[in-house]
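Visitor: Chains as they are written, first to last, in the UniProt record's numbering: chain A, 1 to 123; chain B, 1 to 860; chain C, 1 to 84.
One structure, as structure tokens, below. Some questions next.
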Amino acid sequence: MKNIMIVDDATTVRMFHKGVISSINRHIEEAENGVEALEKALKAPIDLFLVDINMPKMDGYRLCQEIRQRDELRTSTVIMISTESAKLDEERAYRSGANFYMSKPVDSEQLKVLVGAILGDAV
Amino acid sequence: MSELLDVFINESRENLESASRGLLTIQSSSSHNGIIDGIFRDIHTIKGSSDLFDIKPLTALAHAAEDLLDCLRASEVVYTEEIGDLLLEVLDQISSWFDELELGTENMNEWKPVSVKLSDSLRAFINADNPKVTSYEEQPHPVSSSSENVIGNIASESPGAGPFTSTIGTFTSKFSSSSAIILLAKTQSENLYLIDYQPDHDCFFRGEDPFNVLITMPGLLGFKAAFPLLTSESDIYESALSFVAIGEADISEIDSHMAYYEGQYHVSHISRRELALSCAAEIRDAVEKLANESLLIAIEDGELEQIQSVAELLQTSGNHDPMTNAVLCYLAKGNEYPANSTQAHMQGSVKLESLQLTDNKHVKSVSLYEVELLQQQRKLLDAEYYNRELMLPSVANLTQQLLCRFAIECDLTCEESIRNAIDRALSVASTPLENSQPENDSNSIDVDSHNRHASSNSPAEEGAKSERHVVKMLKVDQEKIDYLMDIVGELAVAKNSLPYLAKQAEKEGGSKALSKQIKSHFSIVNRLTESLQSAVLQIRMVPVSHVFERYPRLVRDLARKLNKKIELVMSGEDTEFDKNLIESLSEPLIHLLRNSIDHGIELPDLRIQQGKAEKGRIDLIATPLDDSVVIEIRDDGKGIDPEKLKMLAFQKGIITEHQLETMNDEDALQLIFAPGFSTNEEVSDLSGRGVGMDAVRTMVNQAGGKIEMSSELGIGTTFKLLLPQTMSVNHVMMFEVADQMFAVSMDAVVETVKVHRSEIQRIRNQNVLVIRDKLIPLCELRSALGFENQEKGEECSILIVTSPTGEHGLVIDKFHEGIDVIQKPLEGVLSGYSHFSGTALLGDGRVLLIVNIQEILACH
Amino acid sequence: MPLVLKKKVAVLRGHCEIEDAESLFNWLQESSGRSLNLKELTSAHTAIYQVILGFQPTISIMPEDTSLFWLKELLTHDSKEVWL
Numbered sequence: 001m002k003n004i005m006i007v008d009d010a011t012t013v014r015m016f017h018k019g020v021i022s023s024i025n026r027h028i029e030e031a032e033n034g035v036e037a038l039e040k041a042l043k044a045p046i047d048l049f050l051v052d053i054n055m056p057k058m059d060g061y062r063l064c065q066e067i068r069q070r071d072e073l074r075t076s077t078v079i080m081i082s083t084e085s086a087k088l089d090e091e092r093a094y095r096s097g098a099n100f101y102m103s104k105p106v107d108s109e110q111l112k113v114l115v116g117a118i119l120g121d122a123v
Numbered sequence: 001m002s003e004l005l006d007v008f009i010n011e012s013r014e015n016l017e018s019a020s021r022g023l024l025t026i027q028s029s030s031s032h033n034g035i036i037d038g039i040f041r042d043i044h045t046i047k048g049s050s051d052l053f054d055i056k057p058l059t060a061l062a063h064a065a066e067d068l069l070d071c072l073r074a075s076e077v078v079y080t081e082e083i084g085d086l087l088l089e090v091l092d093q094i095s096s097w098f099d100e101l102e103l104g105t106e107n108m109n110e111w112k113p114v115s116v117k118l119s120d121s122l123r124a125f126i127n128a129d130n131p132k133v134t135s136y137e138e139q140p141h142p143v144s145s146s147s148e149n150v151i152g153n154i155a156s157e158s159p160g161a162g163p164f165t166s167t168i169g170t171f172t173s174k175f176s177s178s179s180a181i182i183l184l185a186k187t188q189s190e191n192l193y194l195i196d197y198q199p200d201h202d203c204f205f206r207g208e209d210p211f212n213v214l215i216t217m218p219g220l221l222g223f224k225a226a227f228p229l230l231t232s233e234s235d236i237y238e239s240a241l242s243f244v245a246i247g248e249a250d251i252s253e254i255d256s257h258m259a260y261y262e263g264q265y266h267v268s269h270i271s272r273r274e275l276a277l278s279c280a281a282e283i284r285d286a287v288e289k290l291a292n293e294s295l296l297i298a299i300e301d302g303e304l305e306q307i308q309s310v311a312e313l314l315q316t317s318g319n320h321d322p323m324t325n326a327v328l329c330y331l332a333k334g335n336e337y338p339a340n341s342t343q344a345h346m347q348g349s350v351k352l353e354s355l356q357l358t359d360n361k362h363v364k365s366v367s368l369y370e371v372e373l374l375q376q377q378r379k380l381l382d383a384e385y386y387n388r389e390l391m392l393p394s395v396a397n398l399t400q401q402l403l404c405r406f407a408i409e410c411d412l413t414c415e416e417s418i419r420n421a422i423d424r425a426l427s428v429a430s431t432p433l434e435n436s437q438p439e440n441d442s443n444s445i446d447v448d449s450h451n452r453h454a455s456s457n458s459p460a461e462e463g464a465k466s467e468r469h470v471v472k473m474l475k476v477d478q479e480k481i482d483y484l485m486d487i488v489g490e491l492a493v494a495k496n497s498l499p500y501l502a503k504q505a506e507k508e509g510g511s512k513a514l515s516k517q518i519k520s521h522f523s524i525v526n527r528l529t530e531s532l533q534s535a536v537l538q539i540r541m542v543p544v545s546h547v548f549e550r551y552p553r554l555v556r557d558l559a560r561k562l563n564k565k566i567e568l569v570m571s572g573e574d575t576e577f578d579k580n581l582i583e584s585l586s587e588p589l590i591h592l593l594r595n596s597i598d599h600g601i602e603l604p605d606l607r608i609q610q611g612k613a614e615k616g617r618i619d620l621i622a623t624p625l626d627d628s629v630v631i632e633i634r635d636d637g638k639g640i641d642p643e644k645l646k647m648l649a650f651q652k653g654i655i656t657e658h659q660l661e662t663m664n665d666e667d668a669l670q671l672i673f674a675p676g677f678s679t680n681e682e683v684s685d686l687s688g689r690g691v692g693m694d695a696v697r698t699m700v701n702q703a704g705g706k707i708e709m710s711s712e713l714g715i716g717t718t719f720k721l722l723l724p725q726t727m728s729v730n731h732v733m734m735f736e737v738a739d740q741m742f743a744v745s746m747d748a749v750v751e752t753v754k755v756h757r758s759e760i761q762r763i764r765n766q767n768v769l770v771i772r773d774k775l776i777p778l779c780e781l782r783s784a785l786g787f788e789n790q791e792k793g794e795e796c797s798i799l800i801v802t803s804p805t806g807e808h809g810l811v812i813d814k815f816h817e818g819i820d821v822i823q824k825p826l827e828g829v830l831s832g833y834s835h836f837s838g839t840a841l842l843g844d845g846r847v848l849l850i851v852n853i854q855e856i857l858a859c860h
Numbered sequence: 001m002p003l004v005l006k007k008k009v010a011v012l013r014g015h016c017e018i019e020d021a022e023s024l025f026n027w028l029q030e031s032s033g034r035s036l037n038l039k040e041l042t043s044a045h046t047a048i049y050q051v052i053l054g055f056q057p058t059i060s061i062m063p064e065d066t067s068l069f070w071l072k073e074l075l076t077h078d079s080k081e082v083w084l
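So this is what it looks like as structure tokens:
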């Protein structure tokens with residue numbers, strides 16, 4: 001069972017992404033912001049994070065940095081998703097510790113395949 | 001998909017509400033900044049979510065509003081009432097579009113011109129104040145425009161908005177050039193903030209004391225103050241100060257500290273790493289200029305402790321300029337000397353091609369995609385901003401997983417070997433994988449890999465292994481699985497003939513040996529079929545969270561409509577269920593939840609009066625039990641009153657007066673399941689069709705499950721549902737009535753008897769049979785199932801079954817054998833027939849109707 | 001008395017409130033060469049600080065209170081940058 005955490009402050013977007021990548025062998029957690037994400041993440045090991053950049057309380061960059069600071073989450077893969085398509089944001093995402101960067105609106109097929117390849121459990 | 005739309009509309013309505021409130025607040029107060037930011041955020045969310053649907057005019061309008069709000073919050077445009085009114089108009093328009101979406105009456109052609117007109121009006125404000133043209137075709141997002149005003153104007157930066165360069169740039173422009181290094185020397189913390197505090201001129205009159213606010217800033221490390229020189233004309237009661245400060249704390253702490261001074265400050269996060277990267281060059285320059293032998297040697301050797309002590313020594317010894325001092329202090333504190341490879345250029349044109357997927361939208365086979373992932377991670381390793389400490393664990397982990405599929409093992413603890421491993425994988429990948437030369441594989445694998453077992457795998461095995469590893473996943477059409485299921489079902493039925501054939505072989509063919517052989521083969525086939533069945537069923541299992549996740553919102557909305565406070569606590573959402581059956585579970589649950597909310601949980605005031613918590617609680621718990629699932633819905637509401645129930649049942653003619661007097665509480669509670677029963681006289685618009693509990697029970701029974709209820713007055717009510725987890729294999733007993741095949745669950749069958757007509761007695765208007773001193777009431781299935789009555793023969797075939805109401809005898813025409821079937825619940829038109837709990841397909845194509853004993857007996 | 005205005009020196013003691021700012025300011029303007037004794041100053045309203053920093057008078061004795069370290073820094077150096 002793979003654990004995925006979707007972090008985005010819009011319920012609709014979380015639901016959409018969840019719908020795209022959900023499958024039998026995946027357990028999907030959701031969080032509205034970075035603070036909540038970290039709280040939940042520390043309860044169970046997370047294999048993959050889907051992180052939105054623009055969030056209140058703690059944004060995606062900061063969350064990414066926090067993730068990389070924690071031993072149990074260091075090896076997790078992080079996909080950063082952003083509404084901005086600016087180049088600088090992509091760099092910043094990588095600097096903050098993201099493994100992948102995608103800009104919204106996310107192509108469902110791409111996301112599905114990416115997640116499947118990362119987790120190695122595509123159905 | 002409409003479920004997603006519902007969630008979107010609900011969420012967005014909340015955003016609209018919050019934005020409207022914000023706009024109304026602005027109109028009555030003077031301080032804007034935090035509020036505008038909130039409104040921006042609301043519109044931004046609506047825009048982002050709306051993009052998931054095909055409602056472009058709405059998205060475009062939200063985009064225009066967002067752009068304007070962005071300019072407002074960056075103070076590029078000044079807020080006026082006119083702007084406020086326009087924004088309110090836009091919000092109203094979006095709201096009425098939501099109405100249309102809900103009803104399904106939306107018309108894009110009508111939306112378009114409205115959207116264009118309003119968008120233009122919004123953008124007119126942007127262009128009027130700011131000569132920069134922002135037509136939304138050109139700029140994907142004008143947030144970047146705020147970065148132009150970095151120097152001399154500290155850009156507003158709510159977390160996440162705007163390019164980070166502005167923060168560092170701001171910092172270095174406001175503070176001296178060595179300040180970054182001093183800061184780095186002062187603290188190891190990552191949690192740095194930069195605050196720009198500009199008290200209003202008249203703040204003294206509000207009782208504010210800016211300097212003291214500054215000095216008491218949480219985690220303050222340093223600041224810079226600007227104050228004017230006073231002349232005789234100066235008004236000393238006017239504050240002409242401005243500060244920039246830097247410290248170590250959570251931004252939320254700062255916001256708390258500055259709570260009273262909203263609108264007079266901007267705070268943003270500074271990344272320590274970025275700061276370190278930004279002054280890497282200066283540190284190196286300072287060290288070079290110092291030209292101290294011991295220090296240079298220590299740096300070359302990479303001896304951290306050595307660097308530290310030399311730096312300390314140098315600090316105390318000589319007179320250095322502030323920059324050098326800062327650098328020495330920095331090194332003396334044990335900070336890393338920035339080596340060239342981690343150097344980053346802030347405005348550098350770092351190129352990392354974002355993950356390149358082919359132009360065609362077709363999904364590539366996973367193996368090729370994995371190759372690309374490896375390529376991308378490889379590039380990450382080489383990127384100028386790659387930070388080893390930060391990224392190595394995750395890149396190593398991901399690489400390891402990906403490499404598994406290439407059957408390449410290696411030690412992934414250091415960067416070098418990761419690079420090599422990826423390179424190797426990529427070179428293997430460049431030859432088409434299905435035809436990969438086994439020799440190549442084994443050669444490349446043996447080179448400098450630590451963990452590889454010295455195995456005697458033949459090249460053929462190698463090749464096969466790497467092939468197997470790569471083609472691990474399949475995408476399967478659901479229809480194919482369903483088809484597979486059907487065939488497996490038929491197979492299950494077909495195999496059942498084998499024992500019979502074995503018997504025939506013995507009887508007619510006279511061969512006992514053959515019969516034995518057939519029987520033993522049968523058990524093998526049986527076993528295999530059962531395994532096959534459960535394997536296929538497993539493929540279709542999904543966690544109940546699929547169904548559960550809609551509920552919190554549902555509960556919240558309903559509770560709100562009724563002005564009740566209710567919390568839904570769920571657990572066991574991982575419990576798995578057959579994909580097809582899962583919907584059959586949802587309907588009864590929703591009804592039960594609605595009942596709890598509508599009738600169970602009391603209004604907050606009433607609850608407090610009773611000493612309960614204001615917030616009602618509904619527990620929804622799913623637990624697996626053998627091959628079923630137990631679902632419990634428990635509320636801490638007012639419970640069900642057996643007396644009230646009895647009274648109503650009596651009034652409705654469901655029970656007699658005698659029963660009213662004599663019935664005990666337990667039985668009274670079960671009345672709730674009686675058909676035609678509804679405890680609420682007013683039609684509650686929430687429970688919609690006024691579905692009673694009998695309908696819920698029927699649904700549950702249809703799905704092959706059971707439902708129980710227990711309740712305590714004043715304490716709460718609990719419903720327990722037991723539902724089969726899969727469309728499991730049922731062992732049923734077939735029988736014939738009126739030339740049609742029916743069946744009952746074998747579990748329910750007690751025995752089969754054939755009796756003479758004369759043995760059937762009639763007691764109190766009911767046919768009964770006496771068997772071994774037991775009185776068994778009989779039920780003529782012919783009439784129960786709606787067939788014409790036939791001339792009764794001499795002999796009667798009776799199926800004795802058990803049911804919650806005791807043993808009964810079903811009078812049928814002919815017995816048949818027991819078989820294994822996969823029972824499907826009734827669908828569509830047939831689902832209203834509660835007499836049957838499901839159907840099954842027989843080997844010869846006939847449909848078998850499986851009788852629901854309880855229901856049949858209940859009706860007669 | 002937190003603020004004592006003498007002929008050549010103004011002595012600030014303890015906590016000085018906003019009301020003292022005007023007197024101080026006027027006193028400073030009356031004659032040049034006047035200085036401030038901040039030895040026993042522990043805290044003050046911003047308006048006072050603003051006067052002191054903005055007028056740049058001679059400081060005869062610096063504040064000894066450690067919590068006013070920053071004030072000392074601002075008064076002694078040119079840079080207006082204070083590290084705590």
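In this text, a Cβ means the ideal position worked out from N, Cα and C, and glycines have one as well.
Can you find a C-beta in chain B that's less than 8 Å from the C-beta of A/N3?
Guide: no
Visitor: Measure the C-alpha to C-alpha separation of B/Q347 and B/I418 and round it to an integer number of angstroms.
Guide: Per-residue confidence for B/Q347 stands at a pLDDT of 23, beneath the threshold of 50, marking its modelled position as unreliable; no derived number is given.
Visitor: Please report the Cβ distance between residue 133 of chain A and A/V20, rounded to the nearest whole angstrom; I am assuming they are in contact, meaning their Cβ atoms lie under 8 Å.
Guide: The requested residue 133 of chain A does not occur in the structure, where chain A is confined to residues 1 to 123.
Visitor: Please confirm whether B/G48 and A/V13 have their CB atoms less than 8 Å apart.
Guide: yes
Visitor: Can you find a CB in chain A that lies within less than 8 Å of the CB of B/G48?
Guide: yes
Visitor: When burial is assigned at 16 or more other CB atoms within 10 Å of the CB, is B/Q823 buried or exposed?
Guide: buried
Visitor: Applying the 10 Å Cβ sphere with the 16-neighbour rule, what's the burial state of B/I608?
Guide: exposed
Visitor: Enumerate in chain order the residues of its own chain whose CB-to-CB distance from A/M58 is below 7 Å, with the five nearest sequence positions on each side excluded.
Guide: The beta carbon of A/M58 is closer than 7 Å to those of N33, G34 and V35 in its chain, skipping five residues each way along the sequence.
Visitor: Hey, does residue 171 of chain A have any beta-carbon neighbour from chain B nearer than 8 Å?
Guide: Chain A is shown only over 1 to 123; residue 171 of chain A falls outside these bounds and no answer can be derived.
Visitor: Alpha carbon to alpha carbon, how far is B/D120 from B/E416?
Guide: Cα atoms of B/D120 and B/E416: separation of roughly 55 Å, rounded to the nearest angstrom.
Visitor: Kindly identify the DSSP beta-bridge partner or partners of C/L41.
Guide: Answer is C/G14.
Visitor: Starting from B/S268 and walking both ways along the alpha helix (DSSP H), at which residues does that stretch end?
Guide: Unbroken run through B/S268 is the beta strand (DSSP E), Y265 to I270; no alpha helix (DSSP H).
Visitor: Excluding sequence positions up to five away, which residues of its chain have a Cβ less than 8 Å from the Cβ of A/Y94?
Guide: Y101
Visitor: So which of B/E530, B/M485 and B/G207 has the shortest CA-CA distance to C/E19?
Guide: Of the listed residues, the one whose Cα sits closest to C/E19 is B/G207.
Visitor: If I measure Cβ to Cβ from B/S308 and keep anything under 8 Å in the same chain, skipping five residues before and after, which residues do I get?
Guide: The sequence given here places Gln at residue 308 of chain B; Ser does not occur at that position. Once the five neighbours on either side are set aside, the close Cβ partners of B/Q308 are L331, A332, K333 and G334.
Visitor: How is the beta strand (DSSP E) around B/R634 delimited, first residue to last?
Guide: S628 to D635
Visitor: Going along the chain, which residues of its own chain have a beta-carbon closer than 8 Å to the beta-carbon of B/I9, five neighbours each way excluded?
Guide: Excluding residues within five positions, the ones whose Cβ falls inside 8 Å are F98, L101 and E102.
Visitor: Going by DSSP, name the residue or residues bridged to C/W83.
Guide: B/G222
Visitor: Could you check where the beta strand (DSSP E) with B/P724 kicks off and where it finishes?
Guide: Going by DSSP, B/P724 is part of the beta strand (DSSP E) stretching over G716 to P724.
Visitor: Looking at C-alpha atoms only, which residue of B/L373, B/S803 and B/Q198 is the closest neighbour of B/S745?
Guide: B/S803
Visitor: Short of 8 Å Cβ to Cβ, which residues in the segment 238 to 271 of chain B face chain C?
Guide: S239, A240 and L241
Visitor: Count the other C-beta atoms from every protein chain shown that fall within 10 angstroms of the C-beta of B/E817, then say buried if there are 16 or more, exposed otherwise.
Guide: Taking all protein chains shown into account, B/E817 has fewer than 16 neighbouring C-beta atoms within 10 Å of its C-beta and is therefore exposed.
Visitor: Please classify B/N730: does DSSP put it in a helix, a strand, or coil?
Guide: Note: B/N730 maps to strand in three-state DSSP.
Visitor: Please state whether DSSP places B/F787 in a helix, a strand or coil.
Guide: coil
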